[in-house]
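Everything on this sheet refers to the single structure shown next.
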Amino acid sequence: MTAATLPDETLGARVKWTLHDYRAIVGQEFTHIVREPANFAWQLGFPIVMVLLFVYVFGSAMDVTGQGAGVDYVAYAMPGMFAMTMAFGFMNTAMAVAYAKEKGFVDRVRSMPMASSAVVVGRNIADTIHAAIDLTVLAVIALVIGWRSEGTLLETIGAFALLLWLRFALIWVGVWIGLSVKNVEQASNLFALAFPFGMVSSVFTPPELMPDWLGAIAAWNPVSATATAIRELFGNPAAVGGSWPETHALAAAILWPVAITLIFMPLAVRRFQNLGR
Amino acid sequence: MTTTTVEVENLGKRFKDTTALEGFGISAESGTVLGLLGPNGAGKTTTVRILTTLLRFDTGRAAVAGFDVARDARQVRRRIGLTGQQTAVDDLLTARQNLVLFGKLFRLNKAEARERAAELLDQFRLGEAADRSPKQFSGGMKRRLDLAASMILAPQVLFLDEPTTGLDPAGRREVWDTVSHLAADGTTVVLTTHYLDEADRLCDRIAVIDHGRNIVEDTPMGLKRRMGADRLEIVAADPDDLPVLVGIVEPLADGGVATDETAAAVSAPVTEPVAALTAAATAVRDKHLTVADIGLRRPTLDEAFLELIGTTGKEEDRT
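If you read the protein sequences in the order shown, they are chains L and B.
The opening position of the first sequence corresponds to residue 760 in this note's numbering, with each subsequent residue numbered one higher.
The opening position of the second sequence corresponds to residue 606 in this note's numbering, with each subsequent residue numbered one higher.
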């Protein structure tokens, strides 16, 4: 158990040990879920409460199909809810990263002979898997409420893949925020910004029903793109406006996360490397 | 055999608008405890962060365990342990799960990591609490878990940043014992503290730091000696006797006699402490005086510290 027994630095060994480090960090996240299922449940509590509120409280007054209030609202709102959960999820990432940094955990790991990328990449993998679990739980609740995917199996899988794709991209935003803020408190304050990001979208209300300027923002919101695209894939399409992201929802739902990743992944990595400044 | 395991020369580090370190140098031989002593903001933590590869520096040279901190960070990381100011463990995991995780991140395989975790839990007397969350630990236990996590690969150099800050006396004692044992087993320890008794008790050498500079590096005894000679001190029972006492002390003194009216005390540096004390006691008895106390005082590390810090403070005032 001395330094001498540590592996050599050949490329193969490096790749192997880097993957080993990623696995350790991902494993840490799973131990969290197993040990503290209550935390996990609370994080899901928000979307669940929102589903119940919108479907049962506000839903009866919503006319999203033009065929009267309450008609098909579950079919409209559930895909939106999936998209919103993915959108807000990055705040969990931001807070987890801010916490690890504030507590000195990030420093401890940085002073170890491990692949330093594991902190950022491992977190991303762990949170993407975490998001897949979130989605599964939400889908079960949706089925219980009476929502059904009318699409083919492939389309349904594609829709869930698009949701995870959005979340994957936003996790980079979360890591970047988590490393940039001073402490967890600052990170949680940013929820005030994340909230309109999730809500000014087609998640609960079609953008056409909003004032023109707000509707335009909502139509171009990445969350709307994903929500609209998966509604089509689930076979619950809603009437959409004429803007490009609405008429090309599938393309927009693929491209938006690409753009977000291209911007925020380098920012997050740079931020991590600059912790040593 | 002694080798130098920590060597720092002429280190300089600037943050945006402040100079954190300037012309800073220290060294520590293997198996010794080096204390970095100084007020808050002196540059202690910056030094530790640089030596543990967490922070880049601007000028100078730093080597730990024979490797250059800037060029061979990875080699350095394999040979050091770090315990920062906070308990850097994962609260959502048990103590054991934490140590297994760190073991894996130190590139042990699963079986090795589990075995090492068990050894460390035993060594740091955490066996009974192994499967509880550190959230339920006392301050001393948390620190011990933190130390255990820093000891996964039995590091050559262990860095402790204010290891006892915020601990109760029992917790401090636990940490002190642990550090002493580790040093006795050959680990080089570099610790920062602003507790003088801690430095006095644990350290083989102390570097006194202020404003990013190393003011002096010496043994605890040497630092006290720098304060100059022992002092003969007599505390009067009746303040009216003070002039008489000054008369007794003056011929024995090797320097100015200090009179403290509030404490009713007279003191002066002496070169022959025992002879001076005997002479003073005899004189007091011959004059039939009653005194509250008479004795020799060796300067404390507190005085040495304040004296040294005070000097740099004055220098700064002049600029």
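We treat Cβ as the ideally placed atom computed from N, Cα and C, and that holds for glycine.
Practice prompt. Helix, strand or coil for E822 of chain B, going by three-state DSSP, please let me know.
Written response: strand
Worksheet item: Alpha carbon to alpha carbon, what distance is there between R666 of chain B and F672 of chain B?
Response: 11 Å
Discussion item. Please tell me whether L626 of chain B has its Cβ less than 8 Å away from any Cβ of chain L.
Written reply: no
Worksheet item: Going by C-alpha distance, which of B:A625, B:T637, B:N615 and B:T623 is nearest T608 of chain B?
Response: B:T637
Discussion item. For T852 of chain L and V934 of chain L, which I take to be in contact (beta-carbon distance under 8 Å), what is that distance rounded to the nearest angstrom?
Written reply: 6 Å
Practice prompt. Please state whether DSSP places D907 of chain B in a helix, a strand or coil.
Written response: helix
Worksheet item: Where does R1029 of chain L sit, in a helix, a strand or coil, going by DSSP?
Response: helix
Item to complete: Look at the Cβ atom of T688 of chain B, then the Cβ atom of L639 of chain B, and state whether they are nearer than 8 Å.
Response: no
Worksheet item: Quick one, are the C-beta atoms of T650 of chain B and D727 of chain B less than 8 Å apart?
Response: no
Fill in: Nearest residue (CA-CA) to P870 of chain L, options B:R661, B:V784 and B:E720
Rather than Pro, the amino acid found at residue 870 of chain L in this sequence is Ser. Comparing Cα positions, the closest option is B:R661.
Item to complete: May I ask you to check if the CB of L811 of chain L is nearer than 7 Å to at least one heavy atom of the ligand FAD?
Response: Ligands are entirely absent from the displayed structure, and the ligand FAD is therefore not among its contents.
Worksheet item: chain B beta carbons: is any one of them nearer than 8 Å to that of T761 of chain L?
Response: With a pLDDT of only 43 at T761 of chain L, under the threshold of 50, the placement of this residue in the model should not be trusted, and no figure is reported.
Item to complete: Could you please tell me which residues of the segment 652–673 of chain B, in chain order, have their CB closer than 7 Å to any CB of chain L?
Response: T657, T658, L659, L660 and R661
Worksheet item: Apart from the five residues on each side of it in sequence, which residues of its chain come closer than 7 Å, Cβ to Cβ, to D696 of chain B?
Response: S738, P739 and K740
Discussion item. To the nearest angstrom, how far is the alpha carbon of E627 of chain B from that of T770 of chain B?
Written reply: 26 Å
Worksheet item: Span of the alpha helix (DSSP H) holding D780 of chain L?
Response: L770 to R794
Practice prompt. Report yes or no: is there a C-beta of chain B within less than 8 Å of the C-beta of F864 of chain L?
Written response: yes
Fill in: Contact list for Q945 of chain L against chain B, beta-carbon separation under 8 Å
Ordered by position in chain B, no residue passes the 8 Å Cβ test against Q945 of chain L, which lies about 17 Å from the chain.
Worksheet item: From H884 of chain L to K829 of chain B, what does the alpha carbon distance come to, in whole angstroms?
Response: It is Ile, not His, that sits at residue 884 of chain L in the sequence shown. Roughly 56 Å separates the two Cα atoms.
Discussion item. Is there a Cβ of chain L sitting closer than 8 Å to that of L765 of chain B, yes or no?
Written reply: no
Worksheet item: Where do the ends of the alpha helix (DSSP H) carrying L850 of chain B lie?
Response: L847 to V854
Practice prompt. State yes or no: is the beta carbon of G744 of chain B nearer than 8 Å to at least one beta carbon in chain A?
Written response: As a matter of chain content, chain A is missing from the structure shown, whose protein chains are L and B.
Worksheet item: Is V840 of chain B helix, strand or coil when you go by DSSP?
Response: strand
Worksheet item: Which residues in the same chain as D922 of chain B place their Cβ atom closer than 7 Å to its Cβ, once the five residues preceding and following it in sequence are excluded?
Response: Residue confidence for D922 of chain B is low, a pLDDT of 40 falling below 50, so the modelled location carries little weight and cannot support an answer.
Discussion item. Contact criterion: CB-CB distance below 8 Å. Does H889 of chain L meet it with respect to chain B?
Written reply: no
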